[in-house]
Amino acid sequence: MALPPNRPKKTIETPRNYFIWGPTMNGKSFLASEFPNPVIFNTDGNAAQIETPSVDLKNERDPKTGAIKTTVVEQMLELIKDLEKGGHGFETVVIDVIDDLVTLIEQAICEENGVDYVGDVPYGKGWGLRKTFITSIVVRLKALPMNVIYISRYATKLEGTLEKPIPSLGDKDLNVVNGNCDLNIMCQKIGKKYLRRVVDRRKNYQRNWIEDERILKILDSVIGAFDKGSASEPPQPSKPVEEKKTLTQIAEEVSVELEDGSSVSVEVKTNDNLATETLYFQHEGSGEFIKVEKGESLDFLDKDIYDPRTKEDYEKQNIEQYVNDNPPPANAPNTTIKAPRTAKPGAPRAPRAPRTK
1 MALPPNRPKK TIETPRNYFI WGPTMNGKSF LASEFPNPVI FNTDGNAAQI ETPSVDLKNE
61 RDPKTGAIKT TVVEQMLELI KDLEKGGHGF ETVVIDVIDD LVTLIEQAIC EENGVDYVGD
121 VPYGKGWGLR KTFITSIVVR LKALPMNVIY ISRYATKLEG TLEKPIPSLG DKDLNVVNGN
181 CDLNIMCQKI GKKYLRRVVD RRKNYQRNWI EDERILKILD SVIGAFDKGS ASEPPQPSKP
241 VEEKKTLTQI AEEVSVELED GSSVSVEVKT NDNLATETLY FQHEGSGEFI KVEKGESLDF
301 LDKDIYDPRT KEDYEKQNIE QYVNDNPPPA NAPNTTIKAP RTAKPGAPRA PRAPRTK
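Mapped onto UniProt numbering, the consecutive letters of the sequence shown carry residue numbers 1 to 357.
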């Protein structure tokens, strides 16, 4: 292999590796399906129920003995080898979900070594195999001339008195997967809106860097994908993807008959950007809590980043704020009132009982 020429080379500025996470039914798989010509490596056994070309990832078992015949590791490496050959027409590969793939790898290691837990394999071999397989799969996928998307579920962790949303993928695996991605995107549904926002990114991407118009269209729907105030930013702010509308909502015109028998088209405008119930949010930057009553506008979500919170979080924050704003006096005076004497001043005392010897 020859050394490269000693001069700067053109870099690829279009992000190709994505980590997408969020609660169930919050638009993660839908976002992944928007990428060009995707193939989905699915872990929930629903490959036959979706139109997008897909493969079920599993530890294939012998129907007679129930033992694993082909491990998910062998299956993944074979699929990657087919992608590396080219000529398949796919431009995007989606792992849906990466959490389950890790679990299937652990399952294969445990069964092959006759243990119930990866750590029970002697001399740390189980952990070594696990790390090798996961890292190998991620590195080989990154080397493909394709878009690579990892989907993860949603979890929370307690920071002080508040629950912070985090991916459900474990920290060590997250470091491997997210460390090889360009954009970390969280999907969440608030009211009737599906929001997509960037949590982390490899570079401060600019719109004019993105050469693929199809990727640019997708990133324009993701809050925080590009720097705010950039000269290359679109003239209008990107809007979150909305949930599929009903037949009533998509009706754009109705015909109204006039007195003279003629008709006129009347445009019907609906405002779906309203809270359908009382919601609570916390501003990501300032930490300030806000309460949105049913029927109030959610337009502020298009302009800044707010995290959803529970009613308990909101009320607890109000109590803590009140205590902070109204601290007790440093040296509170003793205001205890002594009980009054029953006898009047100067009155003779009652005789004491005589002592007995």
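We put the beta carbon where it would ideally sit given N, CA and C, even for glycine.
Touch test, the region 149-165 against the region 20-27, Cβ-Cβ under 8 Å, three pairs minimum: yes
Contact belief for Val176 with Val138 at Cβ below 8 Å, rounded distance in angstroms: 6 Å
Sequence-distant residues of the same chain with beta carbon closer than 8 Å to Ile215, five excluded per side: Thr14, Pro15, Phe35, Pro36 and Asn147
Distance cut-off 6 Å: Thr156 Cβ against heavy atoms of the ligand SAH: Inclusion of the ligand SAH in the displayed structure is not the case, the ligand content being empty and no account of it being possible.
As assigned by DSSP and simplified to three states, the class of Pro235: For Pro235, the predicted model reports a pLDDT of 44, less than 50, meaning its position is unreliable; a value from the coordinates is still stated below. Correct three-state label for Pro235: coil.
Sufficient close CB pairs (3 or more, under 8 Å) joining the region 186-199 to the region 297-307: yes
Residue interval of the alpha helix (DSSP H) (run including Val72): Val72 to Lys85
Residue range of the beta strand (DSSP E) that includes Asn147: Asn147 to Ser152
8 Å contact criterion, which Tyr150 and Ile95 should meet: CB distance rounded: 5 Å
Beta-carbon gap between Lys291 and Ala275 smaller than 7 Å: no
Local conformation of Tyr314 per DSSP, three classes: helix
Contained beta strand (DSSP E) runs [length at least 3] in the region 139-203, N- to C-terminal order: 147-152, 154-159, 162-167, 183-190 and 193-201
Candidates Lys164, Lys28 and Pro145: closest to Thr92 by CA position: Pro145
Distance, Ser168 Cα to Leu279 Cα: 24 Å
Simplified DSSP assignment, three categories, for Tyr123: helix
Sub-7 Å separation of Val118 and Ile109 beta-carbons: yes
Alpha-carbon to alpha-carbon, Asp62 and Leu219: 44 Å
Proximity to Val198 [Cα-Cα], best of Asp227, Asp56 and Gly89: Asp227
Gln282 - partner residues in DSSP beta bridges: Phe289 and Asp307
Coarse secondary structure for Lys294, derived from DSSP in three states: coil
C-beta atoms of Thr52 and Glu60 nearer than 7 Å: no
Distance CB(Asp200)-CB(Asn184) smaller than 7 Å: yes
Uninterrupted beta strand (DSSP E) stretches inside the region 16-53 (no shorter than 3 residues): 17-21 and 38-42
When Asp313, Phe41, Tyr194 and Ser297 are compared against Asn26, the one with the closest alpha-carbon: Tyr194
Alpha-carbon spacing of Asp307 relative to Arg202, whole angstroms: 22 Å
Beta-bridge partners of Asp96, as assigned by DSSP: Asn42 and Ile151
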